[in-house]
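Residue numbers are given in full-length UniProt numbering: position 52 of the sequence shown equals residue 52, and the series is strictly consecutive.
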Amino acid sequence: MTIQYHNRNRRPEDLEQGAKYVSRAELLATLDVVSLNLPLNVHTKHTMSNPEFKAMNKWAILINTARGAVVDGPALIAALESGEIPGAGLDVYDNEPTIPAQLLQHPRAVCLPHIGTLSYETQKERDAFSIRNQKTGLSTGNLGNVVPEQKGLW
């Protein structure tokens, strides 16, 4: 199996672990599965819309478990309706918590709740991490982990 990826900047070769860096256009044109793994920000909102769906190879499935608004919801529905893409798997949705019935009921869309952190192990580690971070903050005055946009606020 060939694994390809695209990012704003290519990763160092030792971090690629055999994955092949390609342009965004090549990625969309050649992948069988387009899996979105990116944050939502002003640069990534609706990063998948009509032009990207048209550029995808005709049998590629779209998977979005990142953030709902990285996919243009109406454009996705149109691409599914027209057969431009054969299917989509989602656990996040544009304009959450509202999810269009057209998407929920579409025969080529698998729509699930976003429950990636629902396991006992994940919740236990999240709680332990939070406690460690709070202890560090109280004992040193600096949190061990800070959202970049909030640095300097505490």
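Yeah, the Cβ is synthetic: ideal placement off N, Cα and C, and Gly gets one too.
Residue i: first and last residue of the uninterrupted beta strand (DSSP E) it sits in
{"i": "Gly141", "result": "That residue, Gly141, is in no beta strand (DSSP E); it is neither H nor E in DSSP."}
Nearest-angstrom Cα separation, counted from residue j out to residue i
{"i": "His11", "j": "Tyr5", "result": "Note that residue 11 is Arg in the sequence shown here, rather than His. Spanning the two alpha carbons is a distance of roughly 10 Å."}
{"i": "Lys54", "j": "Ile131", "result": "47 Å"}
{"i": "Asn133", "j": "Gly144", "result": "5 Å"}
{"i": "Leu112", "j": "Tyr93", "result": "10 Å"}
{"i": "Glu13", "j": "Ala101", "result": "44 Å"}
{"i": "Ser119", "j": "Arg126", "result": "11 Å"}
{"i": "Thr117", "j": "Glu96", "result": "18 Å"}
{"i": "Gln17", "j": "Asn9", "result": "16 Å"}
{"i": "Asp32", "j": "Met1", "result": "11 Å"}
{"i": "Gly141", "j": "Lys124", "result": "25 Å"}
{"i": "Leu104", "j": "Val34", "result": "20 Å"}
{"i": "Val147", "j": "Ala66", "result": "17 Å"}
{"i": "Arg108", "j": "Ile99", "result": "15 Å"}
Limits of the unbroken alpha helix (DSSP H) element including residue i
{"i": "Leu36", "result": "Taken as a continuous stretch (DSSP letters only), Leu36 belongs to no alpha helix (DSSP H), being part of the beta strand (DSSP E) at Val33 to Leu36."}
{"i": "Ala19", "result": "Element bounds for Ala19: n/a, residue is neither H nor E."}
{"i": "Thr117", "result": "Premise fails: Thr117 is in no alpha helix (DSSP H) and is neither H nor E."}
{"i": "Arg24", "result": "Arg24 to Thr30"}
Beta-carbon spacing of residue i, residue j below 7 Å
{"i": "Ala79", "j": "Leu40", "result": "no"}
{"i": "Leu28", "j": "Met56", "result": "yes"}
{"i": "Thr44", "j": "Leu36", "result": "no"}
{"i": "Ala25", "j": "Ile3", "result": "no"}
{"i": "Asp91", "j": "His106", "result": "no"}
Short CB-CB distance (under 7 Å) between residue i and chain D
{"i": "Ala88", "result": "Included in the structure is just one protein chain, with no chain D present."}
Touching or not, the segment 43-50 and the segment 64-79, by the rule of three or more beta carbon pairs under 8 Å?
yes
If contact is defined by three or more beta carbon pairs under 8 Å, each pair taking one atom from either stretch, is the segment 55-68 in contact with the segment 77-86?
yes
Which runs of the alpha helix (DSSP H), 4 residues or longer, sit entirely within the segment 39-114?
50-55, 73-82 and 101-104
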